[in-house]
Ligand SMILES: [Zn+2]
Ligand SMILES: [Zn+2]
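Here you go:
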C-alpha cells in the first residue's frame, strides 16, 4: 500500500556500512544491515522509500563530542589495522576510521533531509552506536553518532527526544549529553549485576542544567512484552508527551529481542512494534512528524533485521500483508516475579520524575 505524504520517508545508506563489521568471531557484524536491505528489497519497500547517500563530512563534526586525541588514535589504529580502542570490546581493523565516520555521516544526512523539509521521517540503520564516549570507544562503538546528531540538531531545535530501546544502557550518549538541557534522553535497558555497561539506574537523571533531562528505565532479565510495554506506557510515553519535542531520535537496537545471545530481555517483534508505533504517533502529534530512526546493537542477525524492517515499514506507513511473515509468532510474557520488579521500577520513576 502506497504511503501518504504524511509519512514521506528517506532511507540513508552508504556501502561503507558493510565495512563496519568486526573480524573473526566478534559478534558485531554488518550482516544485520545487509539482511535488512534484502528484506526491504524483497518486499518492494524501496518503491516507496527513497534511498540517499550520506554527504561526506570531515572530522570537525566529531569534535563536538570527541577529543582530538581520541580521533587521532582511531585514525592511527585504523591505518595500522590492529589494536584495541577500549579495554577489550572494540578492536581496530584497517579502515575502521572511515567506516565509523560514514555512520556518523548517515545520521547527519538523516537530519539534513528532515530539516530541509524534503522528508518527515529518516532512517539510518547504520547509526545508533551509543556506547562511544568522549575519549574512548566502548561496546563495539567508535563514534557516538547519536550524541553528534543531537548536537547538530540543537542548532535548529530546542527540544529533542532521544529514546534508546537497545538492550544495553546508552552510557556513551548519556555521558556526552548529561548536562544538556536541550534534549530529553530516555533509555530502556537490561540492568543486572555484572551486565554491560553497568550504568543506567533510576537515580541517574542528569547533572547541572541537564538535571531531570535523563530518564533511565532499568529492566530485569526476563522482561517480556507485557512488562516492557507497561514501563513504556506508564513512564516513557507520558514523559515524551509532557516534553513536547520538536524532533525525536529513536535508537532501535535489536538486542532487546528474546533471541539475542548477549542480552536477556525477552521482547518479541510485537513489543518492539508497540513502542515504534507509539513513538511514530507522538512524532506526528508533537513534532510535525520529525522522526529519525537509527539502528544499534543486535546479535541475533535475523531477529534484528526483522525488527528493523518492520519498524521502517511502520514509520513509512506501509501496510503490506507480507510483512506478517517477519513477525514472531507470538508475544512474550514475564514471570510474576519479573512483573513485580518492573512495577517497582515504574513506581520509583514516577516519583523521581514526577510522572502521574
Ligand atoms: Zn508518519
Ligand atoms: Zn546493545
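In full-length UniProt numbering, the protein residues as written are 1 to 356.
Idealized CB from N, CA, C, for every residue including glycine.
Bear in mind the structure is a predicted one, so any value in this text is a computation, not a measurement.
> What beta strand (DSSP E) runs, 3 residues minimum, are completely inside the segment 270-339?
Replying inline: 291-294
> Just checking my contact of residue 308 with residue 165 at CB under 8 Å: how many whole Å lie between their CB atoms?
Replying inline: Here residue 308 corresponds to residue number 308 of the chain shown, with the count starting at 1. Here residue 165 corresponds to residue number 165 of the chain shown, with the count starting at 1. Not quite, the Cβ-Cβ distance comes to about 12 Å (not below 8 Å), so this is no contact.
> The beta strand (DSSP E) spanning residue 251 covers which residue range?
Replying inline: As a position in the chain shown, residue 251 is number 251, starting the count at 1. Taken as a continuous stretch (DSSP letters only), the beta strand (DSSP E) holding residue 251 covers 247-251.
>> Output needed for residue 276: all residues of its chain with C-beta closer than 6 Å, excluding positions within five of it in sequence on either side, in chain order.
In response: By one-based count along the chain shown, residue 276 stands at place 276. Contacts found: 311, 314.
>> I believe residue 106 touches residue 12 by the beta-carbon criterion, under 8 Å. Please report the beta-carbon distance rounded to the nearest angstrom.
In response: As a position in the chain shown, residue 106 is number 106, starting the count at 1. As a position in the chain shown, residue 12 is number 12, starting the count at 1. Sure, about 5 Å apart at Cβ, within 8 Å.
> Would the C-beta of residue 166 count as close to ligand 2, meaning under 7 Å from any of its heavy atoms?
Replying inline: Along the chain shown, one-based indexing puts residue 166 at 166. Yes; taking the cut-off as 7 Å, the Cβ of residue 166 has a heavy atom of ligand 2 nearer than that.
> Beta carbon of residue 136, beta carbon of residue 160: below 8 Å?
Replying inline: To locate residue 136, count along the chain shown from 1; it is residue 136. To locate residue 160, count along the chain shown from 1; it is residue 160. The answer is no: Cβ separation not under 8 Å.
> Just the Cα atoms here: how many angstroms apart are residue 40 and residue 21?
Replying inline: As a first step, residue 40 must be located in the chain shown, where it is residue number 40. As a first step, residue 21 must be located in the chain shown, where it is residue number 21. Looking at the two C-alpha atoms, the distance is approximately 21 Å.
>> Under DSSP, the alpha helix (DSSP H) around residue 199 begins and ends at which residues?
In response: As a working mapping, residue 199 is identified with position 199 in the chain shown. From DSSP, residue 199 is part of no alpha helix (DSSP H); its letter is neither H nor E.
> Going by C-alpha distance, which of 29, 324, 18 is nearest residue 254?
Replying inline: Working through the chain shown from its first residue, we reach residue 254 at position 254. Among 29, 324, 18, the Cα nearest to that of residue 254 belongs to 29.
> Relative to ligand 4, is the shortest distance from any of its heavy atoms to the C-beta of residue 117 smaller than 7 Å?
Replying inline: Ligand 4 is absent from the structure shown, which contains only ligand 1 and ligand 2.
> Taking the alpha-carbon positions, what's the residue 57 to residue 101 distance?
Replying inline: Stepping through the chain shown from its first residue, residue 57 is reached at position 57. Stepping through the chain shown from its first residue, residue 101 is reached at position 101. So the two alpha carbons sit approximately 8 Å from each other.
> Hey, residue 148 and residue 65: beta-carbon distance below 8 Å or not?
Replying inline: Walking along the chain shown from the start, residue 148 turns up at place 148. Walking along the chain shown from the start, residue 65 turns up at place 65. In contact: residue 148 and residue 65 (Cβ atoms closer than 8 Å).
> Looking at the structure shown, is residue 65 part of a helix, part of a strand, or coil, going by DSSP?
Replying inline: Locating residue 65 in the chain shown gives position 65, counting from the first residue. Residue 65: coil per DSSP, three-state reduction.
> How is residue 342 classed by DSSP in three states: helix, strand or coil?
Replying inline: Here residue 342 refers to the residue found at position 342 of the chain shown. Note: residue 342 maps to helix in three-state DSSP.
> Thinking just about the alpha-carbon of each residue, which of 152, 324, 35 is nearest to the one in residue 114?
Replying inline: Looking up residue 114 in the chain shown gives position 114. Checking every option, the nearest Cα to that of residue 114 belongs to 152.
> Among the residues of its own chain, which have a CB less than 8 Å from the CB of residue 92, if the five just before and after it don't count?
Replying inline: As a first step, residue 92 is located in the chain shown; it is residue number 92 there, counting from the start. So the qualifying residues of the chain are 74, 77, 78, 80, 81, 82, 83, 84, 85.
>> Any beta carbon from chain C within less than 8 Å of residue 141's own beta carbon?
In response: Judged by its chain identifiers, the structure shown contains no chain C, having just a single protein chain.
> Which residues bound the beta strand (DSSP E) around residue 114?
Replying inline: As a working note, residue 114 is residue 114 in the chain shown. Element bounds for residue 114: not the beta strand (DSSP E) but the alpha helix (DSSP H), 96-115.
> How would you write the range of the alpha helix (DSSP H) that residue 225 sits in, first residue to last?
Replying inline: Mapped onto the chain shown, residue 225 falls at position 225. Segment 225-231, the alpha helix (DSSP H) holding residue 225.
>> If you reduce the DSSP assignment to three classes, tell me which class residue 29 lands in.
In response: The sequence position of residue 29 within the chain shown is 29, counting from 1. Three-state DSSP puts residue 29 in coil, outside helix and strand.
> Count the other CB atoms within 10 Å of the CB of residue 171; is the residue buried (16 or more) or exposed (fewer)?
Replying inline: By 1-based counting over the chain shown, the position of residue 171 is 171. Label assigned to residue 171: buried.
>> Please list the terminal residues of the continuous beta strand (DSSP E) segment that includes residue 120.
In response: Residue mapping note: residue 120 aligns to position 120 of the chain shown, counting from 1. Here residue 120 belongs to no beta strand (DSSP E), and DSSP marks it neither H nor E.
> Near residue 188, what residues of its chain come up, given a Cβ to Cβ distance below 6 Å and the 5 sequence neighbours on each side ignored?
Replying inline: By one-based count along the chain shown, residue 188 stands at place 188. Cβ neighbours of residue 188 beyond the five flanking positions: 165, 217.
> Is it right to say residue 357 is buried, meaning 16 or more other beta carbons lie within 10 angstroms of its own, or is it exposed?
Replying inline: Past the boundaries of the shown model lies residue 357; the chain is included only from 1 to 356, so the question cannot be answered.
> CB of residue 296 to nearest heavy atom of ligand 2: below 7 Å?
Replying inline: Position 296 of the chain shown, counted from the start, is the residue given in the question as residue 296. For ligand 2, at least one heavy atom lies less than 7 Å from the Cβ of residue 296.
> Is residue 253 near ligand 2, going by C-beta to nearest heavy atom under 7 Å?
Replying inline: Translated into positions along the chain shown, residue 253 becomes position 253. At least one heavy atom of ligand 2 is nearer than 7 Å to the Cβ of residue 253, so yes.
> Can you tell me the Cα-Cα spacing of residue 59 and residue 71, whole angstroms?
Replying inline: The residue you call residue 59 lines up with position 59 of the chain shown. The residue you call residue 71 lines up with position 71 of the chain shown. Rounded to whole angstroms, residue 59 to residue 71 spans 8 Å at the Cα level.
>> Between 343, 219, 325, which has its C-alpha nearest residue 168's C-alpha?
In response: Here residue 168 refers to the residue found at position 168 of the chain shown. It is 219 whose Cα lies nearest to the Cα of residue 168.
> Does the separation of the CB atoms of residue 33 and residue 318 fall below 8 Å?
Replying inline: Against the chain shown, residue 33 aligns to sequence position 33. Against the chain shown, residue 318 aligns to sequence position 318. Result no, Cβ atoms of residue 33 and residue 318 do not sit closer than 8 Å.
>> Would residue 267 and residue 257 qualify as a contact pair, given that the criterion is a beta-carbon distance under 8 Å?
In response: On the chain shown, position 267 is the one that residue 267 refers to. On the chain shown, position 257 is the one that residue 257 refers to. A contact, by the Cβ cut-off of 8 Å.
> What residue does the beta strand (DSSP E) around residue 218 start on, and which one ends it?
Replying inline: Within the chain shown, the letter at position 218 stands for residue 218. Looking at the DSSP string, the run of the beta strand (DSSP E) that includes residue 218 is 214-219.
>> By alpha-carbon positions, which one of 130, 207, 340, 194 ends up nearest to residue 144?
In response: By 1-based counting over the chain shown, the position of residue 144 is 144. Among 130, 207, 340, 194, the Cα nearest to that of residue 144 belongs to 130.
> Rounded to the nearest angstrom, how far is the Cβ of residue 205 from that of residue 211, given a contact under 8 Å?
Replying inline: Here the question's residue 205 lines up with position 205 in the chain shown. Here the question's residue 211 lines up with position 211 in the chain shown. About 6 Å separates the two Cβ atoms, so the contact holds.
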